[in-house]
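Written below as structure tokens is the structure these notes are about.
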Amino acid sequence: EELAFIRDIVPIRTQNEESYGHIRICVPESRAEKFSSRFRIFGEAVSVQRIRQQNQITVCEKCFGFHTTRVCARSKKCGTCSADAHNGT
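Put into structure tokens, the structure is as follows:
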């Protein structure tokens, strides 16, 4: 099992030609405590932030609003065009 891997590189500005930005390194939860809050990597001082897993947004299967289908009081909508429910494609 590897200690960490580079997930992606996020530039500070999209039009910036410089190689400065953020580098996200994914570490298994069991190994996260091995990193101090500040250290050097590739000769650069870096700080460590924990990124918590976010829950997926709930989308209603009836009206496609952002709530659960169980509590939906809205009319049924088409998932393709969002018009009132209709037959066909």
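When we follow the working numbering, the leftmost residue of the sequence shown carries the number 100, and every step to the right adds one.
We treat Cβ as the ideally placed atom computed from N, Cα and C, and that holds for glycine.
- Message: I'd like to check one pair, C159 with C171: are the Cβ atoms closer than 7 angstroms?
- Response: yes
- What are the boundary residues of the beta strand (DSSP E) that includes E143? E143 to S146
- Q185 versus G142, F141 and C162, residue with shortest Cα-Cα distance: Per the sequence presented here, residue 185 reads as His, with Gln not at that position. H185 has its Cα closest to that of C162, out of G142, F141 and C162.
- Cβ-based neighbour list, T167, same chain, cut-off 6 angstroms, excluding 5 preceding and 5 following: T157
- Query: Where does K161 fall in DSSP's three states?
  - Reply: coil
- Residue range of the unbroken beta strand (DSSP E) whose run includes N173: Here residue 173 turns out to be Arg, not Asn, going by the sequence shown. Note, R173: premise wrong, no beta strand (DSSP E); not H, not E.
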